Amino acid sequence: KKISSRLHSLDALRGFDMFWIMGGEGIIHALGKLTGWGVMVWASKQMMHTEWNGFTFYDMIFPLFLFIAGVSMPFSFDKRLEKGENRSEIYKHIFKRTFLLILFGLIYNGLLDFDFDHLRYASVLARIGLGWCFAALIYMNFSQKAQIIWAFGILIFYWLIMALIPIPGHAAGDFSMEGNLASYIDRLYLPGRLYKVIHDPEGILSTIPAVSTALFGVLTGKFLKSESLNLTRFKKAIYLALAGIIFLGISYLWNIYFPVNKNLWTSSFVFRTAGWSLLLLSFFYMIIDVWGFKKWAFFFIVIGLNPITIYMLQSGIIDFMNPAKYFTTGIINLFPENVHELLWTISYVMASWVFLYILYKKRIFLKV
């Protein structure tokens, strides 16, 4: 398929995001183990999810992808409407995309094993699909002011029900893994296997605030696309960064009452991740789309144009370690054994990237 005109910074940021789950985090872990340097040990710890309350860089990967999906929405939807496409066709696209993402999430979790009693029905892709879907429906049917009210209103509503509704054996406002309302609802109504036995990080109730993550992306995309404000691209990048700082401030304040928690996708977590997403987008937008430095980002753009492809392949469809071993075993064996783990991880990432590069050159993109 032909690549449509788009924000190169958005493709690069999406690729940067996916890079970490296609092996980038392994490179940091290996460097931390190899060097023992304080900064690399710290970076290695940032490449692991927080156990419960708290925040690390790796907690950003998932919400950043959903935020980016929201940013893309005004560009893609408005373009389709400008071409004269019926709104009904866009609705068909919304529901089809949501269905496919839920299906891919089930396949990733082992649907094809047909062990439905032990299948995990909740998934990362399902949350992306549902969060994006409801954000899309809000975008299609409400004004920008109403979209802002939806984004904030959802987070306040989620906070209130989590803080005020008790579950059997626990007081209201218990945000522990077992004692919170979201985990309780998952134990009652989510079929199959829960990821953490008593809780699922992609469960039913905690998907609601993910809609706000996507909506903050939508509002950001609308801001970048807008010409009515008469802002230069440079000023837009600055305003994105300022908004990011404000969002981080809100997150730190809300954290006092509703702790930052990826597993529960708390309202403070939404603001924390949206704040960092805005800062990252501001940086990529400034460097690539404002100042025009694009060549350095090509590595990430190749990944960013096929994100679902590499995510699904990482589930075990293709073991990229096999071609990595085939081409690099002899070279790696020339080096001291203590650097082998690092070199194997780099070769794995490069094998994955070369596969995506071949798809890029052939103009093959998995569009959902």
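Using the numbering used here, read the sequence shown as starting at -19 and increasing by one per residue.
Glycine included, C-beta positions come from ideal geometry on N, C-alpha and C.
Being a predicted model, the structure only gives us computed values, none of them experimental.
Whole-Å CB distance - residue i paired with residue j, under 8 Å assumed
| i | j | result |
| --- | --- | --- |
| residue 111 | residue 194 | 5 Å |
| residue -7 | residue 228 | Between residue 228 and residue -7 the Cβ distance is about 18 Å, and since that is not below 8 Å, they are no contact. |
| residue 77 | residue 348 | 5 Å |
| residue 223 | residue 47 | That belief does not hold up - the Cβ atoms of residue 223 and residue 47 are roughly 12 Å apart, past 8 Å. |
| residue 130 | residue 137 | Actually they do not touch by this definition, with Cβ atoms about 10 Å apart. |
| residue 5 | residue 27 | 4 Å |
C-alpha distance - residue i paired with residue j, whole-angstrom precision
| i | j | result |
| --- | --- | --- |
| residue 186 | residue 335 | 35 Å |
| residue 256 | residue 44 | 8 Å |
| residue 133 | residue 99 | 33 Å |
| residue 242 | residue 314 | 42 Å |
| residue 339 | residue 109 | 24 Å |
| residue -19 | residue 173 | At residue -19, the pLDDT of 37 sits below 50, so the modelled position is not reliable and the matter cannot be decided from this model. |
| residue 239 | residue 142 | 11 Å |
| residue 36 | residue 0 | 13 Å |
| residue 126 | residue 120 | 11 Å |
| residue 215 | residue 202 | 15 Å |
| residue 80 | residue 266 | 34 Å |
| residue 9 | residue 217 | 32 Å |
| residue 24 | residue 38 | 10 Å |
| residue 180 | residue 82 | 16 Å |
| residue 92 | residue 298 | 16 Å |
Proximity to residue i [Cα-Cα], best of the options
| i | options | result |
| --- | --- | --- |
| residue 88 | 106, 76, 343 | 106 |
| residue 53 | 40, 174, 71, 8 | 71 |
| residue 101 | 59, 176, 152, 328 | 176 |
| residue 184 | 325, 60, 50, 104 | 104 |
| residue 296 | 261, 246, 332, 208 | 332 |
| residue 15 | 65, 311, 319 | 319 |
| residue 310 | 327, 298, 299 | 327 |
| residue 197 | 263, 275, 116 | 116 |
| residue 252 | 304, 3, 40, 7 | 40 |
| residue 292 | -9, 25, -2 | -2 |
| residue 74 | 316, 97, 50, 24 | 50 |
| residue 150 | 299, 94, 164 | 164 |
Proximity below 8 Å, CB of residue i to CB of residue j
| i | j | result |
| --- | --- | --- |
| residue 268 | residue 56 | no |
| residue 155 | residue 233 | no |
| residue 12 | residue 21 | yes |
| residue 7 | residue 211 | no |
| residue 272 | residue -5 | no |
| residue 192 | residue 250 | yes |
| residue 213 | residue 270 | yes |
| residue 157 | residue 32 | yes |
| residue 147 | residue 159 | yes |
| residue 308 | residue 3 | no |
| residue 247 | residue 189 | yes |
| residue 286 | residue 345 | yes |
| residue 199 | residue 128 | yes |
| residue 209 | residue 258 | no |
The alpha helix (DSSP H) enclosing residue i, as first and last residue numbers
| i | result |
| --- | --- |
| residue 302 | 301 to 312 |
| residue 190 | 188 to 205 |
| residue 43 | 41 to 62 |
| residue 320 | 320 to 341 |
| residue 9 | 5 to 15 |
| residue -12 | -12 to -1 |
| residue 232 | 213 to 234 |
| residue 179 | Note, residue 179: premise wrong, no alpha helix (DSSP H); not H, not E. |
| residue 78 | 67 to 88 |
| residue 167 | 161 to 169 |
| residue 256 | 247 to 264 |
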